[in-house]
Amino acid sequence: MSKPRPDRAAEVLGKVAEAAGKVPLKDRRDFLMRGLALAGTAVAGPALAAADKESFMPPNVPPWTRSLGRGVVTVPYGMPSGFEENVIRRTVPWLTASNISSISFTPLQDLQGIITPNGLVFERYHAGVPDIDPGKHRLMINGMVERPLLLSMEDLMRFPSVSVIRFIECPANGGMEWRGAQMEALQFTHGMLSCCEWTGVPLSVLLEEVGVKKGAAWVLAEGADGSAMTRSIPMEKALDDALVVYAQNGEALRPEQGYPVRLLNPGWEGNTSVKWLRRLEVGDEAWYQREETSKYTDLMPDGKARKFTWVQETNSVITFPCPEKGLSSRGRYEIEGLAWSGRGRIRRVDVSLDGGINWQPARLKGLVLPKALTRFSLMWDWDGSPALLQSRAVDETGYVQPNLSQLREARGVESIYHKNAIHTWRVAESGEVTNVQID
Amino acid sequence: KRAGYYGFGEPATEEMIAGWDIDVRPDGTGLPPGSGSVEEGEVLYEEQCAACHGVFGEGEGRWPKLAGGFGTLTQERPEKTIGSYWPYVSTVWDYVHRAMPFYEPQSLEDDQVYAIVAYLLYLNDLVEDDFVASRETLSAFEMPNQDGFFVDPRPDVRNAVCMEDCKDPSEIKITWDSTELGVTPVEHFKTDEEETGGAAPVEADPNLGLNIYQQ
Chain A
72 MSKPRPDRAA EVLGKVAEAA GKVPLKDRRD FLMRGLALAG TAVAGPALAA ADKESFMPPN
132 VPPWTRSLGR GVVTVPYGMP SGFEENVIRR TVPWLTASNI SSISFTPLQD LQGIITPNGL
192 VFERYHAGVP DIDPGKHRLM INGMVERPLL LSMEDLMRFP SVSVIRFIEC PANGGMEWRG
252 AQMEALQFTH GMLSCCEWTG VPLSVLLEEV GVKKGAAWVL AEGADGSAMT RSIPMEKALD
312 DALVVYAQNG EALRPEQGYP VRLLNPGWEG NTSVKWLRRL EVGDEAWYQR EETSKYTDLM
372 PDGKARKFTW VQETNSVITF PCPEKGLSSR GRYEIEGLAW SGRGRIRRVD VSLDGGINWQ
432 PARLKGLVLP KALTRFSLMW DWDGSPALLQ SRAVDETGYV QPNLSQLREA RGVESIYHKN
492 AIHTWRVAES GEVTNVQID
Chain B
11 KRAGYYGFGE PATEEMIAGW DIDVRPDGTG LPPGSGSVEE GEVLYEEQCA ACHGVFGEGE
71 GRWPKLAGGF GTLTQERPEK TIGSYWPYVS TVWDYVHRAM PFYEPQSLED DQVYAIVAYL
131 LYLNDLVEDD FVASRETLSA FEMPNQDGFF VDPRPDVRNA VCMEDCKDPS EIKITWDSTE
191 LGVTPVEHFK TDEEETGGAA PVEADPNLGL NIYQQ
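Here the protein sequences line up with chains A and B, keeping their order.
Each residue of the first sequence is one higher than the one before, counting from 72 in my numbering.
Each residue of the second sequence is one higher than the one before, counting from 11 in my numbering.
Rendered as structure tokens:
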């Protein structure tokens with residue numbers, strides 16, 4: 072091995088330096104824009120793709136194999152490839168009066184496994200996302216307790232912590248579909264749903280630390296945002312599995328998810344998992360706050376309404392194929408989907424190809440955890456015939472996910488929340504998939 | 011473990027608690043001293059609330075309707091307002107005080123909240139125009155839909171695990187097709203030609219109960 076010539080070495084080092092600095096942080100936007108442009112041509116230009124084949128396909132060696140990539144910390148906090156620019160949260164503007172009190176949806180059609188990446192967890196705010204300095208944030212615990220307490224984040228993080236994988240679902244997930252099929256995309260029919268690993272302190276530990284007085288039966292959770300969101304939580308849940316969490320998927324909560332601290336009520340409607348948590352009050356009765364009277368109560372056909380409908384009942388949906396991702400040709404496919412239950416583990420999921428006439432058991436893939444998303448799959452040889460795909464989940468209590476007609480019969484169509492019905496995708500001969508409802 | 015086992019944090023003093031503990035319960039617990047009349051409330055409401063909620067509480071655009079809707083809870087399009095639906099007036103006081111006006115929450119004095127609550131009751135025809143809201147008058151106040159709620163009775167629906175010949179194939183009908191409405195933003199996976207609705211629509215069919223996220 073001979074040493075490179077000095078001038079050659081300088082040239083080489085210059086190239087390395089150039090590559091290392093390929094995407095300085097200040098130009099990240101440019102990089103993303105270029106990523107978008109490339110992604111655009113990759114999807115839209117069959118003619119270009121054919122031309123590319125000359126240089127990109129074997130036996131030719133593509134340019135990324137014959138050049139240097141970006142150096143370390145070019146992007147100190149990593150971002151998805153620019154080619155994944157379509158994997159984003161989306162909203163439906165006409166759903167709400169303002170994006171300050173609104174909802175966005177997780178792109179379930181693009182995700183794998185059961186963990187939702189932090190940047191894609193659906194959003195639901197009532198007064199926007201506050202910018203909270205964790206050094207200035209405090210959690211107060213007061214009411215029927217022996218030692219009313221004020222905790223800094225540093226204090227809170229000194230308590231023994233736990234980590235659990237649990238879903239959070241907005242009880243209005245699918246609520247636009249009570250009267251009929253309206254949303255043309257999986258992201259909008261089921262995307263108010265996410266599942267993360269959450270880390271924090273059991274609420275029971277904090278209640279023990281302040282000393283709950285005799286007769287206490289409820290805990291009020293209150294947020295520090297402009298809506299000062301409140302919900303009454305019964306003591307039974309508070310002592311069972313409620314958590315005060317400060318991390319998701321290994322890192323601090325995202326501002327959208329309550330940074331620096333939120334409540335997590337596993338299996339319960341997302342609204343009860345109050346974000347930007349500033350106060351827990353112990354009391355002997357429920358408070359009947361706006362979010363448990365005007366909202367998050369379920370109107371029945373007789374004009375009476377259910378209150379305290381906390382549990383998210385067993386639900387499931389096929390995530391492939393779906394309207395966003397149809398079938399490109401006949402042949403073998405893996406039907407995949409997600410199932411979940413606020414009452415515990417998923418025991419089984421069945422899949423129908425013919426609108427519920429016949430069913431076959433799907434395989435549960437990977438982790439099957441209580442109150443967590445569970446992935447299921449079924450191999451399918453598609454012969455090009457039209458199909459009506461459905462999934463039906465059963466949880467460990469024996470509860471079987473119902474048909475929409477059964478739900479409508481019991482509840483009418485004005486309850487807004489808790490629509491956990493079996494969902495139908497129609498697969499056309501073209502392979503296109505649409506959201507339909509069948510009788 | 012006994013209370014105080016870890017010993018982290020500092021005691022929350024009564025003064026600290028007074029600043030943050032703002033919740034009000036149906037029995038009136040938490041209502042502060044003070045009062046406000048319908049007359050005072052009208053001025054405040056028109057200044058601070060009417061732009062979104064309408065002069066008569068009818069709700070501008072998609073902003074929440076606050077008044078009316080009596081007798082609609084069993085109808086096709088129920089109007090769930092303070093008067094027609096809310097069970098307790100304590101919730102009105104609490105929520106206005108903690109979260110309204112939307113653009114400037116927790117900016118109202120206690121007397122102003124009492125006045126606005128008095129005016130909201132007046133807009134709903136629940137009090138006369140000489141009503142004065144206070145801890146005394148609100149603690150005893152009964153709302154029309156106070157008994158309109160009951161505790162969750164679920165599971166209320168039971169499906170069976172049938173595996174074969176569960177339905178008569180001839181009876182399967184597609185009753186709804188989402189693409190017929192064309193109200194979904196689909197530009198990220200459909201081209202313009204494929205979009206059934208043509209240009210992206212901004213208004214949904216009012217008969218479909220879509221506007222679930224008012225506020």
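We put the beta carbon where it would ideally sit given N, CA and C, even for glycine.
In this text, all values refer to a predicted model and were calculated from it rather than measured experimentally.
Check	Outcome
Run through DSSP, which three-state label would residue 207(A) get?	coil
Measuring alpha carbon to alpha carbon, tell me which of 204(A), 426(A) and 175(A) ends up nearest residue 326(A).	204(A)
Please identify, using Cβ separations under 8 Å, the residues of the region 94–108 of chain B that lie next to chain A, in order along the chain.	95, 96, 97, 98, 100, 101, 104, 105 and 108
What residue does the beta strand (DSSP E) around residue 18(B) start on, and which one ends it?	First-last for residue 18(B): undefined, no H or E at that position.
Note down, in chain order, all residues in the region 231–260 of chain A with a beta-carbon under 7 Å from any beta-carbon belonging to chain B.	243, 246, 247, 249, 250, 251, 252, 253, 254, 255, 256 and 259
Spatial neighbours of residue 439(A) within its chain, please: C-beta separation below 7 Å, excluding the five flanking residues on both sides.	416, 417 and 445
Leaving out five residues on either side along the sequence, give the residues of the same chain with a beta carbon under 6 Å from the beta carbon of residue 143(B).	46, 124, 127 and 128
So which residues on chain A does residue 16(B) lean against when the C-beta distance must stay under 8 Å?	229, 230 and 280
Residue 143(B) CB to nearest chain A CB: under 8 Å?	no
Would a C-beta distance cut-off of 8 Å place residue 39(A) and residue 371(A) closer than the cut-off?	Limits of chain A in this structure are 72 at one end and 510 at the other, which puts residue 39(A) out of reach.
Skipping 5 residues on each side, what residues in its chain have a beta carbon closer than 7 Å to that of residue 175(A)?	160, 161, 162, 193 and 194
Would you check if the distance between the CB atom of residue 426(A) and the CB atom of residue 461(A) is smaller than 8 Å?	yes
Closest Cβ-Cβ distance between residue 332(A) and chain B: below 8 Å?	no
Looking only at its own chain, which residues have a Cβ that is under 6 Å from the Cβ of residue 100(A), when we skip the five neighbours before and after it?	Only weak support exists for where residue 100(A) lies, its pLDDT of 44 falling under 50; the value from the coordinates is given anyway. None.
Who are the neighbours of residue 151(B) on chain A, taking C-beta pairs under 9 Å?	By Cβ distance, chain A contributes nothing, its closest Cβ being about 14 Å from residue 151(B), past 9 Å.
Could you tell me whether the region 378–385 of chain A touches the region 42–60 of chain B, where touching means 3 or more Cβ pairs closer than 8 Å?	no
Roughly how many whole angstroms lie between the Cα atoms of residue 175(B) and residue 77(B)?	51 Å
Any heavy atom of the ligand SAM inside 7 Å of the beta-carbon of residue 428(A)?	Of the ligands one can find in the structure shown there are none, so the ligand SAM has no counterpart to examine.
Do you know offhand how far residue 405(A)'s Cα is from residue 239(A)'s?	26 Å
Residue 91(B) and residue 75(B) look like a contact to me (Cβ under 8 Å); what is the Cβ gap, rounded to whole Å?	5 Å
According to the neighbour-count rule (16 or more other Cβ atoms, all chains shown, within 10 Å of its Cβ), is residue 170(B) buried or exposed?	exposed
Would you call the region 254–264 of chain A and the region 391–408 of chain A touching, i.e. three or more CB-CB distances under 8 Å?	yes
For residue 273(A), does the three-state DSSP call read helix, strand or coil?	strand
For the region 25–42 of chain B against the region 130–145 of chain A, are there 3 or more C-beta pairs whose distance is under 8 Å?	no
Quick one: give me the first and last residue of the beta strand (DSSP E) that residue 108(B) is part of.	Unbroken run through residue 108(B) is the alpha helix (DSSP H), 99–109; no beta strand (DSSP E).
Just the Cα atoms here: how many angstroms apart are residue 17(B) and residue 279(A)?	11 Å
So, using beta-carbon positions, are residue 237(A) and residue 310(A) closer together than 8 Å?	no
Under the three-state reduction of DSSP, which class applies to residue 503(A): helix, strand or coil?	coil
Going by alpha carbons, who is nearest to residue 469(A) out of 265(A), 266(A), 366(A) and 413(A)?	413(A)
Residue 499(A) CB to nearest chain B CB: under 8 Å?	no
Go ahead and pull the three-state DSSP assignment for residue 217(B).	In this predicted model, residue 217(B) has a pLDDT of only 44, less than 50, meaning its place in the structure is not dependable; the value taken from the coordinates is given anyway. In the structure shown, residue 217(B) sits in a helix (DSSP, three-state: H, G or I).
CB-CB under 7 Å to residue 431(A), same chain, minus the five flanking residues each way: which ones, in chain order?	421, 422 and 449
Since residue 169(B) meets chain A, which of its residues come closer than 7 Å, beta carbon to beta carbon?	471, 472, 473, 474 and 477
How would you list, in chain order, the residues of chain B whose beta-carbon sits under 9 Å from the beta-carbon of residue 427(A)?	172, 176, 177 and 182
Which one or two residues does DSSP pair with residue 418(A) in a beta bridge?	According to DSSP, which records beta bridges pairwise, residue 418(A) is partnered with nothing at all.
For chain A, check one thing: does any of its Cβ atoms lie closer than 8 Å to the Cβ of residue 80(B)?	no
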